[in-house]
Each structure stands twice: as structure tokens, then as C-alpha cells.
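Chemist: Top line first, the protein sequences correspond to chains A and B. So that you can map any letter, position 6 of the first sequence is 8 in our numbering, and since no number is skipped, the others follow by simple counting. So that you can map any letter, position 25 of the second sequence is 20 in our numbering, and since no number is skipped, the others follow by simple counting. Where is the CB? At the ideal position from N, CA and C, for every residue including glycine. Since the structure is predicted, the reported quantities are computational estimates derived from the model, not experimental observations.
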Amino acid sequence: MPGEVYSQLMKELVEGKYVFTGELEPEKAGDVKEPIEAARELVGLVTACNVTDNPQSFAYVNSLAAAYKIEKETGMECVYQLRCADRNRMALLSDVLGAGVLGIKNILALAGDHVSLGDTPDAKPVFDLDSTTLIYMIRKMVDEGKDLAGNDIHNPPKLHVGGAAAPGAAHLKAEVAKVKRKIKVGVEYLQTQVVYYPEILDKFFKELGKVDVPILVGIFPAKSFGAADFFDKYVAGVDVPPDYLKSLEATKEIKDKEKKKQEIDRINVEYFTSFLEYLKGTPAAGCHMMAVGYPRIIAPLKKVME
Amino acid sequence: MIAQEQKPIEEILGYLEGKNNIVIVGCGGCATFYHTGDKKAVDGMADKLEKEGKKVTKIYMPFSMQVCETEKSGVFLNKKRKALEDCDAVLVMSCGDGVQVATEYIEEGMGLMKGVYPANNAIGLVGGGPTKFKETCLSCGMCELGKTAGICPLTSCGKGLMNGPCGGVRVDNKCEIDPEKDCAWVKIYERMEKLGELDKFLEMRAPHEWSKCKRPRLFEIEEPVNMMSAMIGAMPGFLTYTFSAKPKLGEKE
Ligand code: SF4
Ligand code: SF4
């Protein structure tokens, strides 16, 4: 755990408060109106929101620019996601310094999906650093005021760095060893990939053992059948439960838009109520709700935890 | 060896558009192993070009005569100096290295200014065989194998991560990028586990030193290989390979 606390997110985690985070996705556009709108709806409901960096390797608005704009216009604290797929260590360092300059207080350090999986498959993949070495670099910048080559940083940035974990990983032992490696180099909090099954999370926590780093467990209430289906098909290490998928699929038949919305909300509240109840009994420090484009679901789900 | 495959003929014809008199240069090295520059490949390419109405001169490189070594290939190119002088373009059936060595030799060694075009795509330094090969090394200049249980993190991991696995490993431990390929980092984990070196896995490997790979890298050896004694020295090995029983996987010594 860090000596100094710079962000609201870290403050609440250090205090042991049960924390909720949300997720915002800048898109391929010349503005960030949509994530700003979504952020407005989430103010007061979540402590901070992740701002995604080229998710699934689709090239979108720069996540630092988006995070800055969202914080400025809505007051929502952001977790600036930063991936190694598109930048070498110099560019990563510049961006982290830039984040400091813009007052961003949280970074989530990621390797990122391979560029060949996205909408610009001919791009040269970079991966000069990986998630672990990026976390290491950021801690070195913040704590020692040095870059990777040992050069001094004048007035180093004051921010926190988090990392990801994948409880549903095919090879859990290797995944957990990697998570432990991230903890060793100083990751300050972890956010997990989406989990649907309690058994998966139980196994993960058991393999990991007791750790000092707060872990926010990812859930994905889907705003439509399509969104859940996409997750099921294309996101590695995540199996969406067939029953949940089926009930979402059935809503495709509902013609009345309002009724359809209500039914989708009902399905999500029903499914995730029991999951969140279960989560209370785990070592999770909170919940990361990846309800992209679906902010209205957060309030009813949060109620469960009160 | 440098694995390679032939480019689509449409692409090759595109480079040769408007050029009617073509010299095809084969390669007796890796391109012979991969059937992209041996006699048969050169003949096949010549047929295709002739069908397009082009006049073709073939320069075969016998086995072990690589285009990338000018000392050897220069002899064969010089023998066909006239054809090279008269041609509109040269098509080299080797890896990209051979194409460039030939380009430089034809211009600087023979004093001829000719367009030289590639017939193949080189796809990496591979190992294995006899029919299945795997890219295993990028020749990065700072070998990391001592830190990764002998599996190259830069080449075998789809993302070239020094500290994997990434979050994308598929069921069956296949790679995020390609379900046909194994996740290198799961393999590294498993090998380290068996070697009793998991403590090493938990250590962060420092970012790779790309400063060791300033391209193009130049290289010099003190003494060139003596072809005659190398050939004689190769005989016992060649005879053993040809006449001994071939090893089978899993067979005890
Ligand atoms: S680290 Fe990999 S690419 Fe570099 S020399 Fe070793 S095997 Fe080759
Ligand atoms: S799945 Fe394994 S091999 Fe593929 S990119 Fe990820 S860590 Fe590398």
C-alpha cells in the first residue's frame, strides 16, 4: 500500500470502504460527449470511472485526453487506462508525465489486446513494455522520481497505478503467479476481468492467498443481448452464463422499447443481485462495474450492497 | 534457416509489368529447403513468365550455393553476365537478404544498373522439420533464453512480452492472437515449474534491451570459412544423416 494517497479512489480503498468503479468508453469520434453524459449519470454512484484505451484494439479517442475532459466537465474521478500495445517506453513515460500535468490521479497499466484483433490490424504492435514493467516504471517515476534508464524526473507525478487480473484465466497458476509479480513490483490496486461464476472467483482467491492489495471484481451487466454475446464470443477468459444469455436473447422479441429496457434491467438486477450478495463474503475490496453505455443499471445494483 | 514462401504470382507480375526480358536467380540455401528457390521453383516461375510472353534466362544456384554469399553466388551471376546486361529486370527467388545481396552485387560488383525484384516473402528464422517449422528467434542481439526456461519471449509470445502471460490466454492454453499456437508464457511457467525454478518466474524480467538491435547490424569475422575443408568436414555428418536410422520422438538413446 502506498505511503501517500493522491486520489479519492485510493483514499476509499485505504480506508477499507467498499468501492464501486464504473467504465467509460471514448469512441472513434472527434468528441467525448457520450462518455461525458454517461459520467454525469454516475457522479455520486461510483468513486471513479475507468476510461478505456483502445479497447479490443479498436483505435479511439486518446484515453488521457478523454479522462481529462471527463474529469473537468463532470467532476468524476477517472482511472486512465494505458496500454503497452501502441506505445514504446518513451511514449508511455511521456503519457504518464502528461497525466500528472493534467491532474489525473489513477492509472490502470495494461498490456492490451494484440493490434491484429482490432480495426487496424496492419498496425505495428509495440509491446516494448508489458503490464508488469509498466507498473514498475510508474512506481519508479512516482516514488523515486526516476525513469527506467535512471534519469531524474523533475517534480515527479503524483498518481497511483493499478493492474488487471484474470480470475477466469485458462491457466490459473500462471495467471496468479503473474499477479503476484505485479504485486511485488508495487501495483496499488487490482481490477479483475469480468467474472460471472462464484466458483471461478473462489478458486482465484484461494490460489492467490492473502494479499495486501485491494481487488475490485469486474462485473458486466449487459445493456443488450448483443453486448453480452460479444463478450461471450470475443473476450478471452470470460464465459457468459448460458441462462443469463438466453433470457437476454428473449428480450429481442419485445417490440415496445420501454418495456424491453425494463425487462433487460430486471434480468440484470436479478442475476447480479445474487452475485453481489456473494461478493460481500469474499476478500473483494469492491466492484468494478463495466456497464459501458448502461449507466442506469448502476443505481439499482448498488442498492444491493447497502 | 530462414523460412519463406512464394509471393502471389499477381504481385510478381505487377513488379515485372512492361519488362519483357527477365533473369530469374534461384538460391541453393534456405530457399532450396523451402522449395522457393531450387531448380524446380526456378523452372516453375520461368514457365509462368514465359506464358505471359516474357523471355526468361534462368540462373540456378546448386545446393549449398546461397545467393546471400557473394563469394559463391557472384561466380554464378558472372557466368551469365551477358544475360544480366541485356535483361530488363532480375527476379530473385530467395529471402529478402538474398535479394538485397544480389542487388548490391549486380550494381557494385558487376557495374550493372538493373531493377531487382523479390519472388518470395521471408517469414522468419525457424527450427524443426522435416515438414513443420516454427519461428523461434528474432536474432534480437541480446538473448533472453536464460531467463525464460529456454523459450523465446520475444518470438514465441505473440506480443513479445517479457513478463507474461497476458490476460488473453485461451482455453487449452492457446494464444490470444491465434488459436493454433500455444501460449509461450504458459509453457515457460510449466517448464520453470518442472525445473523447480518458479521463484524465477515470479521475478520481473527487465524490459528488453533494444539498444542491442540497432539496424542494420554489421558483423565481421576474422577468418572466412574455407569451402573445401568445410565440405570435406561435412562428409561424416552427411553420411551419418543419410545412412543411420532416423531418431523418433520419445525414443531412448
Ligand atoms: S531472446 Fe529470442 S530473439 Fe533474442 S536471441 Fe534469444 S531466442 Fe533470439
Ligand atoms: S496468450 Fe500467451 S503467447 Fe499469446 S500474447 Fe498472451 S502471453 Fe503471449
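Give the residues from the stretch 110 to 139 of chain B that approach chain A closer than 9 Å (Cβ to any Cβ), ordered along the chain.
Modeler: Per Cβ criterion, the list is empty.
Chemist: Residues of chain B with a CB under 8 Å from the CB of residue 187/A: which are they?
Modeler: Against the first sequence, residue 187/A aligns to sequence position 185. What residue 187/A touches in chain B: 199.
Chemist: Within 7 Å: the Cβ of residue 249/B and any heavy atom of ligand 2?
Modeler: Given that chain B is displayed from residue -4 to residue 248, the structure contains no residue 249/B and the question cannot be resolved.
Chemist: Check each candidate in 255/A, 262/A, 303/A and name the one with the smallest Cα separation from residue 277/A.
Modeler: Translated into positions along the first sequence, residue 277/A becomes position 275. Nearest to residue 277/A by C-alpha distance, out of 255/A, 262/A, 303/A, is 303/A.
Chemist: Can you tell me which of 155/B, 36/B, -3/B, 125/B puts its alpha carbon nearest to the alpha carbon of residue 92/B?
Modeler: Position 97 of the second sequence, counted from the first residue, corresponds to residue 92/B. If we check each option's Cα against that of residue 92/B, -3/B comes out closest.
Chemist: Just to check, is the beta-carbon of residue 152/B closer than 7 Å to a non-hydrogen atom of ligand 1?
Modeler: On the second sequence, position 157 is the one that residue 152/B refers to. Residue 152/B Cβ: outside cutoff for every heavy atom of ligand 1.
Chemist: Closer than 8 Å between beta carbons: that is the criterion. Which residues of the stretch 144 to 166 of chain B meet it against chain A?
Modeler: 153, 154, 155, 156, 157, 158, 159, 160, 161, 162, 163, 164, 165, 166
Chemist: I need the straight-line Cα distance from residue 44/B to residue 15/B, nearest angstrom please.
Modeler: For the purposes of this step, residue 44/B is taken as the residue at position 49 of the second sequence. For the purposes of this step, residue 15/B is taken as the residue at position 20 of the second sequence. Straight-line Cα distance between these residues: approximately 9 Å.
Chemist: In whole angstroms, what separates the C-alpha of residue 85/B from that of residue 114/B?
Modeler: Here residue 85/B is taken as the residue at index 90 of the second sequence, counted from 1. Here residue 114/B is taken as the residue at index 119 of the second sequence, counted from 1. Distance between the alpha carbons of residue 85/B and residue 114/B is about 10 Å.
Chemist: What residue does the beta strand (DSSP E) around residue 218/B start on, and which one ends it?
Modeler: Your numbering for residue 218/B matches position 223 in the second sequence. Run containing residue 218/B: none; DSSP gives neither H nor E here.
Chemist: Tell me whether residue 222/B is buried or exposed, calling it buried when 16 or more other Cβ atoms sit within 10 Å of its Cβ.
Modeler: As a working note, residue 222/B is residue 227 in the second sequence. That one is exposed.
Chemist: Leaving out five residues on either side along the sequence, give the residues of the same chain with a beta carbon under 6 Å from the beta carbon of residue 224/A.
Modeler: As a working mapping, residue 224/A is identified with position 222 in the first sequence. Cβ neighbours of residue 224/A beyond the five flanking positions: 230.
Chemist: Tell me the residue span of the alpha helix (DSSP H) that contains residue 268/A.
Modeler: Start at 1 with the first residue of the first sequence, and residue 268/A comes out as number 266. 259 to 282 is the extent of the alpha helix (DSSP H) around residue 268/A.
Chemist: Taking only beta-carbon positions, decide if residue 3/A is within less than 8 Å of chain B.
Modeler: Along the first sequence, read from residue 1 onward, the residue named residue 3/A stands at position 1. Its pLDDT being 46, under 50, residue 3/A is placed unreliably by the model, and nothing is read from it.
Chemist: What beta strand (DSSP E) runs, 3 residues minimum, are completely inside the stretch 18 to 99 of chain A?
Modeler: 21 to 26, 50 to 53, 79 to 85
Chemist: Taking contact to mean 3 or more Cβ pairs, one atom from each stretch, closer than 8 Å, check whether the stretch 121 to 140 of chain A and the stretch 174 to 184 of chain B are in contact.
Modeler: no
Chemist: Going along the chain, which residues of its own chain have a beta-carbon closer than 7 Å to the beta-carbon of residue 44/A, five neighbours each way excluded?
Modeler: Counting from one through the first sequence, the residue named residue 44/A turns up at place 42. In chain order, 24, 51, 78, 297, 300 place their CB closer than 7 Å to the CB of residue 44/A, counting only its own chain and leaving out the 5 sequence neighbours on each side.
Chemist: Should residue 240/A and residue 283/A be called a contact, given that it needs their Cβ atoms to be closer than 8 Å?
Modeler: Within the first sequence, numbered from 1, the residue matching residue 240/A stands at position 238. Within the first sequence, numbered from 1, the residue matching residue 283/A stands at position 281. Taking 8 Å as the cut-off, the beta carbon of residue 240/A is found no closer than this to the beta carbon of residue 283/A.
Chemist: With C-beta atoms as the reference, is residue 94/A less than 8 Å away from residue 143/A?
Modeler: For this step, residue 94/A is matched to residue 92 along the first sequence. For this step, residue 143/A is matched to residue 141 along the first sequence. It is not a contact, given that the beta carbons lie outside the stated cut-off.
Chemist: Any heavy atom of ligand 2 closer than 7 Å to the beta-carbon of residue 132/B?
Modeler: Locating residue 132/B in the second sequence gives position 137, where the first residue counts as 1. Residue 132/B Cβ: outside cutoff for every heavy atom of ligand 2.
Chemist: Name, please, each residue of chain B whose Cβ falls closer than 8 Å to the Cβ of residue 118/A.
Modeler: As a working mapping, residue 118/A is identified with position 116 in the first sequence. Going along chain B in sequence order, the residues near residue 118/A (Cβ under 8 Å) are 172.
Chemist: Applying the 10 Å Cβ sphere with the 16-neighbour rule, what's the burial state of residue 3/A?
Modeler: In the first sequence, residue 3/A corresponds to position 1, counting from 1. Low local confidence applies: a pLDDT of 46 at residue 3/A is under 50, so the model's placement there is unreliable, with the coordinate-based value given in what follows. By the neighbour-count rule (16 or more Cβ atoms within 10 Å), residue 3/A is not buried but exposed.
Chemist: Chain B partners of residue 195/A, CB-CB under 9 Å?
Modeler: For the purposes of this step, residue 195/A is taken as the residue at position 193 of the first sequence. Residues of chain B passing the Cβ test: 162.
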